[in-house]
Amino acid sequence: MSLLEALPIGLLGALLGLDVVSFPQAMISRPIVAATLAGAFIGNPPAGLLIGVVLEMIALDTLPFGASRYPEWGSAGVVGGSIFAMQPAGMPGALPASLLAALLTASISGWSMVVLRRLIASRLERTRDQLEDGSRDALMSLHLSGMSLDLLRGGLVTVTAMIIFAPLVKAIVSIWGSESAASHAVVVVTAAVVAGGALWKIFHSVRRVLWFFLAGSLIWAVLLVTR
Amino acid sequence: MTATPEPTFELPWRTTAAMYFRLFAVQGSWNYETLLGTGIGFVMEPALRRLPGGVDGPAYRSALARESRYFNAHPYLAGVAVGALTRAELDGVDPVRIERFRTALAGPLGSVGDRLVWASWLPFCSLVAIGVYGAGGSALAVVGTFLLLFNTGHFLLRAWGLRIGLARGLNVASALGNPVLRQGPFYIACAAAFVGGIALPLALQRITGPGRAVVGGIIVAAVIGILLLARLRERAEGWRIALGVLAVFVLYSVLT
Numbered sequence: 005m006s007l008l009e010a011l012p013i014g015l016l017g018a019l020l021g022l023d024v025v026s027f028p029q030a031m032i033s034r035p036i037v038a039a040t041l042a043g044a045f046i047g048n049p050p051a052g053l054l055i056g057v058v059l060e061m062i063a064l065d066t067l068p069f070g071a072s073r074y075p076e077w078g079s080a081g082v083v084g085g086s087i088f089a090m091q092p093a094g095m096p097g098a099l100p101a102s103l104l105a106a107l108l109t110a111s112i113s114g115w116s117m118v119v120l121r122r123l124i125a126s127r128l129e130r131t132r133d134q135l136e137d138g139s140r141d142a143l144m145s146l147h148l149s150g151m152s153l154d155l156l157r158g159g160l161v162t163v164t165a166m167i168i169f170a171p172l173v174k175a176i177v178s179i180w181g182s183e184s185a186a187s188h189a190v191v192v193v194t195a196a197v198v199a200g201g202a203l204w205k206i207f208h209s210v211r212r213v214l215w216f217f218l219a220g221s222l223i224w225a226v227l228l229v230t231r
Numbered sequence: 078m079t080a081t082p083e084p085t086f087e088l089p090w091r092t093t094a095a096m097y098f099r100l101f102a103v104q105g106s107w108n109y110e111t112l113l114g115t116g117i118g119f120v121m122e123p124a125l126r127r128l129p130g131g132v133d134g135p136a137y138r139s140a141l142a143r144e145s146r147y148f149n150a151h152p153y154l155a156g157v158a159v160g161a162l163t164r165a166e167l168d169g170v171d172p173v174r175i176e177r178f179r180t181a182l183a184g185p186l187g188s189v190g191d192r193l194v195w196a197s198w199l200p201f202c203s204l205v206a207i208g209v210y211g212a213g214g215s216a217l218a219v220v221g222t223f224l225l226l227f228n229t230g231h232f233l234l235r236a237w238g239l240r241i242g243l244a245r246g247l248n249v250a251s252a253l254g255n256p257v258l259r260q261g262p263f264y265i266a267c268a269a270a271f272v273g274g275i276a277l278p279l280a281l282q283r284i285t286g287p288g289r290a291v292v293g294g295i296i297v298a299a300v301i302g303i304l305l306l307a308r309l310r311e312r313a314e315g316w317r318i319a320l321g322v323l324a325v326f327v328l329y330s331v332l333t
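These protein sequence lines map, in sequence, to chains A and B.
Going by this note's numbering, the first sequence opens with residue 5, and the numbers climb by one from there.
Going by this note's numbering, the second sequence opens with residue 78, and the numbers climb by one from there.
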């Protein structure tokens, strides 16, 4: 993939990466949205939605608590969604390889957020006297440059990931050795384990919550038998 | 969220609208030194222009400096602090009292918001969207359901926070006892668990395709994995485990 081809996807990654923390936190950066949008951008929304749902199950495990370090799902969703949507239909390695690319992007992008926060802190240190003097210009400059840098960060991460991972995933898919059913099963079981573990981690302290989960599962079982 | 009559405090609607809009960018300069502090100053700035002397006056400058210092809160509930601090500044409350109030409010706004939004509302909305997918929903239906549901709560919470903060000023702490904030996480968690019980297997079924035996096998493997992961609790990060498993599997599939 050339830089020119990656740029429009990079723009989408930049906008969705901005949503994670800076603006407007409307959760358009959640993988279920980001990957679907990226799939639609490539012309294959169902593929984007499929990998978006798998990524969303995995993303349930990470809660974006303030200063903690967490993976950044906005750019990752765009990378995973667009790479998976580019693959020919029915290729067994497409989903696991695209998912791996998305998870690696999420990890790298999470690290880039830490770097950005340090950068803003060092900029703040340089303008501390002006801020302590109540300078409107210094505050606006710090705030708006922080948002601009975050936009740039998301775009750079997405473009770089696309340039590296798009050809890599294509190559992996072409020499994939595992069967289609096994490839799908590994992805599905992994996502299910992480999602189930995440629900337990988040809700285990809530009274009687397991009963609510079992009641839901019972309804699913009834649906499975009757449909 | 509350019907309690409040003492009147009016800001021009354009100022309130500007503050509400800026609330969505409150974390624009989030950093490890002041956390949300500079963002609070950024959001309050349109209202502080109303202080005697305007933007060039000493009251404006000292208030802006004070409000841009260290502060922490959940971003969706930052409006409570912004509203309360704006009112305190415009009412001319003693700066020492304002500083004390800022320190006292930061902790509760963080923990209440984290519990309500990140640990309840967001997983609930995700699970509903996953359920819509499992039920055969289109891309538009899944994304539309998630965004509409999540942001109805999101936008209302920000608006409520700003309104209650402006209305109550430094007496806003009692608003954190609101039943939605106190009991909401419990009820949303129960609803999320119920939805999760239906949504997750439905979605797995759709991803896997037809074949009850395959779905059954996957669910048995998943339950064993979940039990193992549950034993590890906070010691293991699920997404890192997924990354490791996929990396090994991709490597294996390429080399064999």
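Even glycine gets a Cβ: it sits at the ideal position worked out from N, Cα and C.
None of the values given here were measured: they were computed from a predicted structure.
Going by DSSP, what residues sit across from residue i in a beta bridge?
| i | result |
| --- | --- |
| residue 148/B | 112/B |
Whole-angstrom Cβ separation of residue i and residue j, contact assumed at under 8 Å?
| i | j | result |
| --- | --- | --- |
| residue 243/B | residue 114/B | So it is not a contact: roughly 20 Å between Cβ atoms. |
| residue 266/B | residue 213/A | 6 Å |
| residue 158/B | residue 186/B | 6 Å |
| residue 330/B | residue 182/A | 4 Å |
| residue 148/B | residue 94/B | Not really, about 23 Å apart at Cβ, beyond 8 Å. |
| residue 147/A | residue 106/B | 4 Å |
| residue 189/B | residue 154/B | 7 Å |
| residue 178/B | residue 258/B | No, residue 178/B and residue 258/B are not in contact; Cβ-Cβ is about 19 Å, not under 8 Å. |
| residue 332/B | residue 100/A | Actually they do not touch by this definition, with Cβ atoms about 14 Å apart. |
| residue 307/B | residue 201/A | 6 Å |
| residue 92/B | residue 124/B | 5 Å |
| residue 279/B | residue 292/B | With 8 Å as the limit, residue 279/B and residue 292/B do not qualify as a contact, their Cβ atoms being about 10 Å apart. |
Between which two residues does the alpha helix (DSSP H) harbouring residue i extend?
| i | result |
| --- | --- |
| residue 158/A | 140-178 |
| residue 188/A | 184-207 |
| residue 228/B | 216-245 |
| residue 112/A | 98-130 |
| residue 166/B | 155-167 |
| residue 318/B | 315-332 |
| residue 14/A | 7-25 |
| residue 260/B | 256-285 |
| residue 211/B | 199-211 |
| residue 229/A | 213-230 |
| residue 195/B | Where residue 195/B is concerned, there is no enclosing alpha helix (DSSP H), given that its DSSP letter is neither H nor E. |
| residue 55/A | 49-63 |
| residue 86/A | 77-90 |
| residue 37/A | 35-46 |
| residue 252/B | From DSSP, residue 252/B is part of no alpha helix (DSSP H); its letter is neither H nor E. |
| residue 101/B | Element bounds for residue 101/B: n/a, residue is neither H nor E. |
*For the region 49-59 of chain A against the region 10-26 of chain A, are there 3 or more C-beta pairs whose distance is under 8 Å?*
Fewer than three beta-carbon pairs drawn from the region 49-59 of chain A and the region 10-26 of chain A are found closer than 8 Å, and the two stretches are therefore not classed as touching.
*Name, going along the chain, the residues of the region 153-178 of chain A whose beta-carbon falls closer than 8 Å to a beta-carbon of chain B.*
154 and 176
*Scan the region 52-70 of chain A for residues whose Cβ lies nearer than 9 Å to a Cβ of chain B and list them as they occur along the chain.*
52, 53, 54, 56, 57, 58, 60, 61, 62, 63, 64, 65, 66, 67, 68, 69 and 70
*For the region 224-248 of chain B, which residues have a CB atom closer than 9 Å to at least one CB atom of chain A, in sequence order?*
224, 227, 228, 231 and 232
*Counting Cβ pairs closer than 8 Å, one from the region 207-221 of chain B and one from the region 287-300 of chain B, do we hit at least three?*
No: the two stretches stay apart, fewer than three of their Cβ pairs being nearer than 8 Å.
_Count Cβ pairs between the region 110-129 of chain B and the region 113-131 of chain A that sit closer than 8 Å; are there 3 or more?_
yes
*Would you check if there are 3 or more beta carbon pairs closer than 8 Å linking the region 303-310 of chain B to the region 88-98 of chain A?*
no
*Quick check: the region 20-40 of chain A against the region 73-86 of chain A, are there 3 or more CB pairs under 8 Å?*
Contact between the region 20-40 of chain A and the region 73-86 of chain A is present, because at least three Cβ pairs lie under 8 Å.
_Using a Cβ-Cβ cutoff of 8 Å, what residues of the region 28-44 of chain A are near chain B? List them in chain order._
28, 29, 30, 31, 32, 34, 36, 37, 40, 41, 43 and 44
*If you measure beta-carbon to beta-carbon, which residues of the region 152-179 of chain B are closer than 9 Å to chain A?*
152 and 153
*Is the number of C-beta pairs between the region 164-173 of chain B and the region 203-213 of chain B that are closer than 8 Å three or more?*
No: fewer than three Cβ pairs fall under 8 Å.
*Pairing CB atoms from the region 152-163 of chain A with CB atoms from the region 17-27 of chain A, are three or more of them under 8 Å?*
Result yes; three or more Cβ-Cβ pairs closer than 8 Å.
*Could you tell me whether the region 116-130 of chain B touches the region 95-104 of chain B, where touching means 3 or more Cβ pairs closer than 8 Å?*
yes
*Are three or more beta carbon pairs between the region 106-123 of chain A and the region 208-225 of chain A nearer than 8 Å?*
no
_With three or more C-beta pairs closer than 8 Å as the rule, is the region 270-286 of chain B touching the region 215-223 of chain A?_
yes
*Are the region 186-204 of chain A and the region 38-45 of chain A touching by the rule of at least three beta carbon pairs closer than 8 Å?*
With the rule of 3 Cβ pairs closer than 8 Å, the region 186-204 of chain A does not count as touching the region 38-45 of chain A.
*Just by C-beta distance, which residues in the region 207-223 of chain A are closer than 7 Å to chain B?*
Contacts with chain B (Cβ-Cβ distance below 7 Å) from the region 207-223 of chain A involve 207, 210, 213, 216, 217, 218, 219, 220, 221 and 223, listed in chain order.
*asked:* By the 8 Å beta-carbon criterion, what residues does the region 68-94 of chain A contribute toward chain B?
replied: 68, 69, 70, 71 and 75
_the region 256-272 of chain B: positions lying closer than 9 Å to chain A by Cβ_ = 262, 263, 266, 267, 268, 269, 270, 271 and 272
*For the region 112-124 of chain A, which residues have a beta carbon sitting closer than 7 Å to at least one beta carbon of chain B?*
121, 122 and 124
*Mind listing which residues of the region 181-199 of chain A have their C-beta closer than 9 Å to chain B's C-betas, in chain order?*
Under the 9 Å Cβ criterion, the region 181-199 of chain A contributes 181, 182, 185, 186, 187, 188, 189, 190, 191, 192, 193, 194, 195, 196, 197, 198 and 199.
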